[in-house]
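Asker:
2 protein chains.
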Amino acid sequence: MKTEIRSGHVVALCGGVGGAKLALGLYRVLDPGQLSVIVNTGDDFDHLGLRISPDLDTVLYTLGGVADPDRGWGRVEETWNFLDAFGRLGGETWFRLGDRDLATHVSRTQWLCAGGRLGEFADRASRALGIAARILPMSDDRVRTVVETAEGDLPFQHYFVRRRCEPAVKAIRFDGAAKATPAPGVLDVLSHGNVRAIVICPSNPYLSVDPILAVPGLRGALANGAPVIAVSPIVGGQAVKGPTAKIMHELGIAVNTQAIAAHYRGLIDALVIDEADAADRATTDVPIMVTRTMMRTLEDRERLARDVAAFAEQFARQPIAARKAGGAR
Amino acid sequence: MKTEIRSGHVVALCGGVGGAKLALGLYRVLDPGQLSVIVNTGDDFDHLGLRISPDLDTVLYTLGGVADPDRGWGRVEETWNFLDAFGRLGGETWFRLGDRDLATHVSRTQWLCAGGRLGEFADRASRALGIAARILPMSDDRVRTVVETAEGDLPFQHYFVRRRCEPAVKAIRFDGAAKATPAPGVLDVLSHGNVRAIVICPSNPYLSVDPILAVPGLRGALANGAPVIAVSPIVGGQAVKGPTAKIMHELGIAVNTQAIAAHYRGLIDALVIDEADAADRATTDVPIMVTRTMMRTLEDRERLARDVAAFAEQFARQPIAARKAGGAR
Numbered sequence: 001m002k003t004e005i006r007s008g009h010v011v012a013l014c015g016g017v018g019g020a021k022l023a024l025g026l027y028r029v030l031d032p033g034q035l036s037v038i039v040n041t042g043d044d045f046d047h048l049g050l051r052i053s054p055d056l057d058t059v060l061y062t063l064g065g066v067a068d069p070d071r072g073w074g075r076v077e078e079t080w081n082f083l084d085a086f087g088r089l090g091g092e093t094w095f096r097l098g099d100r101d102l103a104t105h106v107s108r109t110q111w112l113c114a115g116g117r118l119g120e121f122a123d124r125a126s127r128a129l130g131i132a133a134r135i136l137p138m139s140d141d142r143v144r145t146v147v148e149t150a151e152g153d154l155p156f157q158h159y160f161v162r163r164r165c166e167p168a169v170k171a172i173r174f175d176g177a178a179k180a181t182p183a184p185g186v187l188d189v190l191s192h193g194n195v196r197a198i199v200i201c202p203s204n205p206y207l208s209v210d211p212i213l214a215v216p217g218l219r220g221a222l223a224n225g226a227p228v229i230a231v232s233p234i235v236g237g238q239a240v241k242g243p244t245a246k247i248m249h250e251l252g253i254a255v256n257t258q259a260i261a262a263h264y265r266g267l268i269d270a271l272v273i274d275e276a277d278a279a280d281r282a283t284t285d286v287p288i289m290v291t292r293t294m295m296r297t298l299e300d301r302e303r304l305a306r307d308v309a310a311f312a313e314q315f316a317r318q319p320i321a322a323r324k325a326g327g328a329r
Numbered sequence: 001m002k003t004e005i006r007s008g009h010v011v012a013l014c015g016g017v018g019g020a021k022l023a024l025g026l027y028r029v030l031d032p033g034q035l036s037v038i039v040n041t042g043d044d045f046d047h048l049g050l051r052i053s054p055d056l057d058t059v060l061y062t063l064g065g066v067a068d069p070d071r072g073w074g075r076v077e078e079t080w081n082f083l084d085a086f087g088r089l090g091g092e093t094w095f096r097l098g099d100r101d102l103a104t105h106v107s108r109t110q111w112l113c114a115g116g117r118l119g120e121f122a123d124r125a126s127r128a129l130g131i132a133a134r135i136l137p138m139s140d141d142r143v144r145t146v147v148e149t150a151e152g153d154l155p156f157q158h159y160f161v162r163r164r165c166e167p168a169v170k171a172i173r174f175d176g177a178a179k180a181t182p183a184p185g186v187l188d189v190l191s192h193g194n195v196r197a198i199v200i201c202p203s204n205p206y207l208s209v210d211p212i213l214a215v216p217g218l219r220g221a222l223a224n225g226a227p228v229i230a231v232s233p234i235v236g237g238q239a240v241k242g243p244t245a246k247i248m249h250e251l252g253i254a255v256n257t258q259a260i261a262a263h264y265r266g267l268i269d270a271l272v273i274d275e276a277d278a279a280d281r282a283t284t285d286v287p288i289m290v291t292r293t294m295m296r297t298l299e300d301r302e303r304l305a306r307d308v309a310a311f312a313e314q315f316a317r318q319p320i321a322a323r324k325a326g327g328a329r
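Keeping their order, the protein sequence lines are chains A and B. For the first sequence, the working numbering begins at 1 and goes up steadily by one. For the second sequence, the working numbering begins at 1 and goes up steadily by one.
#1: Identify whether R28 (chain B) lies in helix, strand or coil by the three-state DSSP scheme.
#2: Where do the ends of the beta strand (DSSP E) carrying S36 (chain A) lie?
#3: Cα separation between M289 (chain A) and A270 (chain A)?
#4: Is there contact here, the stretch 158–175 of chain A with the stretch 102–109 of chain A, by at least three beta-carbon pairs under 8 Å?
#5: Taking the C-alpha atoms as reference points, what is the distance between L83 (chain B) and D57 (chain A)?
#6: So, is the C-beta of Q110 (chain A) closer than 7 Å to a C-beta in chain B?
#7: Is any heavy atom in the ligand MN found nearer than 6 Å to the beta carbon of P182 (chain A)?
#8: Give a yes or no on whether 7 Å exceeds the smallest Cβ distance from R88 (chain A) to chain B.
#9: Find the residues of chain A that neighbour D99 (chain B), judging by a C-beta separation of less than 7 Å, and give them in chain order.
#10: Quick check on D46 (chain B): does DSSP put it in helix, strand or coil?
#11: Counting only runs of 3+ residues fully inside the stretch 134–182 of chain A, write out the beta strand (DSSP E) ranges in chain order.
#12: Taking only beta-carbon positions, decide if L35 (chain B) is within less than 7 Å of chain A.
#13: Is it true that the CB of C14 (chain A) sits closer than 7 Å to the CB of C201 (chain A)?
#14: Please state the DSSP three-state secondary structure of H192 (chain B).
#15: Taking the alpha-carbon positions, what's the V143 (chain B) to G33 (chain A) distance?
#16: Answer with yes or no whether the minimum CB distance from Q258 (chain B) to chain A is below 7 Å.
#17: Strictly below 7 Å CB to CB, what residues from chain B border C165 (chain A)?
#18: Should A178 (chain B) and P137 (chain B) be called a contact, given that it needs their Cβ atoms to be closer than 7 Å?
#19: Could you tell me the alpha carbon to alpha carbon distance between R301 (chain B) and G19 (chain B), rounded to whole angstroms?
#20: How long is the line joining the alpha carbons of G193 (chain B) and A226 (chain B), rounded to whole angstroms?
#21: Listed in chain order, which residues of the stretch 26–53 of chain B have Cβ atoms closer than 7 Å to some Cβ of chain A?
#22: Check D307 (chain B) in the structure and name its three-state DSSP category.
#23: Per DSSP, V209 (chain A) forms a beta bridge with which residues?
#24: Could you check what DSSP says for D68 (chain A) in three-state terms: helix, strand or coil?
#25: Please list the partners that T104 (chain A) has in chain B, where partner means a Cβ-to-Cβ separation under 8 Å.
#26: Just the C-alpha distance for D43 (chain A) and I247 (chain A), rounded to the nearest angstrom, thanks.
#27: So that I know if they touch, is there some Cβ in chain B lying closer than 7 Å to that of C113 (chain A)?
#28: Going by DSSP, name the residue or residues bridged to H9 (chain A).
#29: With I38 (chain B) and I212 (chain B) assumed to form a contact (beta carbons below 8 Å), what rounded beta-carbon distance in angstroms separates them?
#30: Going by beta carbon distance, what residues of the same chain come within less than 6 Å of G49 (chain A), once the five residues before and after it are set aside?
#31: Could you work out which residues of chain A lie near A128 (chain B), taking near to mean beta carbons separated by less than 7 Å?
#32: Mind checking the stretch 129–146 of chain A against chain D and listing, in chain order, the residues whose C-beta falls within less than 9 Å of any C-beta there?
#33: If you draw a straight line from the C-alpha of E120 (chain A) to the C-alpha of T257 (chain A), how long is it?
#34: Cβ of S107 (chain A) less than 7 Å from any chain B Cβ?
#35: Any idea what DSSP makes of K324 (chain A), helix, strand or coil?
#36: Along chain B, which residues have their Cβ under 7 Å away from the Cβ of R96 (chain A)?
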């Protein structure tokens, strides 16, 4: 799927559930075809002989309107008869594969085994779900997030789902990233002159955004054009969801706005934080926009998307050199 | 799973639905552990990246009590959400894979890809389903039934399911059979001195039983010990189900008791036919037993199983040499 990148196009970088919420907001407030989403594939893994791309699927299901609104992952109106029967046969059931969800994995595995690329599959699935946005894996190459813990190295899903993030994190690495190349389309959309904003969604910076930035060429492409706006995953000095706070703590990073700003320093033009953290504005050395970042309702998602797009406008007419000089302004 | 072959053990050879009915009857009337079933695997195929063994699964589901009683194939209380979602993604849906059924295929594929044998998987699945009979694939090796038709060669499932047996059959061959070996356990159960009967179930002789007999060593093993009793799939000059009559017609074979007797001549000690064909007794050159072979109810299955076992008794005390001399008696 070739998306025409018209004036006003927005590119979002995201991981799974949290990031996909803002991606949905952007999708709903932008004109059709005006959004591209670059998705983390470091969480991908092989399981039961299937190639599973959790974040890519969460974005596909969310934008395709088939995500489960309550569970936060997987498909709506899902059934679990495969997993039930599989468990009775002695199979592993720790990774909850729903019957409808399984169709995506079987289809993707078939596509990849036949020599197809992951990005092509994302295009096919997007079309099948009627999504008028381009959804791009960060890379077609195999990048695997490995969590180095007190109990040894764990593949991401084993750490995240099977062990429920219990082992203490010592470090996070992205196997294969150094040799990976951005998926076709990724550099195009990032560096295209018609892009008005690049949005780093409020996904976990260390587990969901860093793998994207670890793909050679991708970080540099962010500095090529449009303003880069990150939305902090911290609200009121706490992580909104998932293991972000626990991981930051275990990695010796303070759970606050300053840490997120420091993490993205030199990469972003501005950081969007929640009203609850408004006081952090004075002590943070990147431009800050304060709004409500907690996304409980669909309206929250749309409102935050509009706010982020509007904030990006403030940076759109500055010369790139000025915007990318880094440091405090 | 090692089954102790005690005195009075019965071995059944069968294909899918029709044969599995009698296998179930035998399973219910024999003492636990007294039945072994050798199943056709010529229908097996690779589909959507999965290793599918239709006949093996039909026998497993039937004896495991989870077969759908109305549809004649697949699992009871089945749902189709995988296939529905898969079709929406543009995937092939001609082979109806149910959500629960899929668990068997994913599990088997995983097992085989890890280097396991098909027979081991059948043992595992049997245990999981609580089956007190040994279910053996005819071979762990890849044997593929190919239907040579007026439209060219068709893999069995493509002929049978996708094309609904429409193309005219010119010949049937079993690719890989010549190099296949019987699965571990097959020759043991066939030639064991404690076996009181070998029963060829009323499966399609050309499509379901011939592949079994095509595995080198298997045909010979039938002549090693117990009486071999075949149940004709013909009732009243018609095939009970499936494409048997159409195929026999296309292959230039008359649809009657004599043709079935001729097909199994030299291999069987007796042929069991339906009351509707009782008149064929006089014109058939193998010993004939007449009973009701149509199996509509569970009672039908059990009664036919008892009849077949009783008939085998008549041959049990004859010297093997006398029984295997072949020809008319």
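Built from N, CA and C at the ideal position, the CB exists for glycine as well.
Answerer: According to the structure data:
#1: helix
#2: 35–39
#3: 7 Å
#4: no
#5: 18 Å
#6: yes
#7: With respect to the ligand MN, the structure offers nothing, as it holds no ligand at all.
#8: yes
#9: T79, N81, F82, D99
#10: strand
#11: 134–137, 144–149, 152–155, 169–175
#12: no
#13: yes
#14: coil
#15: 50 Å
#16: no
#17: Under the 7 Å cutoff, chain B gives no residues; its nearest Cβ is about 26 Å from C165 (chain A).
#18: no
#19: 10 Å
#20: 7 Å
#21: L48, G49
#22: helix
#23: Beta-bridge pairing links V209 (chain A) to no other residue.
#24: coil
#25: A85, L89
#26: 16 Å
#27: yes
#28: A:V195
#29: 6 Å
#30: none
#31: R88, L89, G90
#32: The question asks about chain D, but that chain is absent: this structure's protein chains are A and B.
#33: 37 Å
#34: yes
#35: Confidence in K324 (chain A) is poor, its pLDDT being 47 and thus under 50, which makes the residue's placement unreliable; the coordinate value appears in the next sentence. If DSSP states are grouped into helix, strand and coil, K324 (chain A) belongs with coil.
#36: Residues of chain B passing the Cβ test: none, with the nearest at roughly 14 Å.
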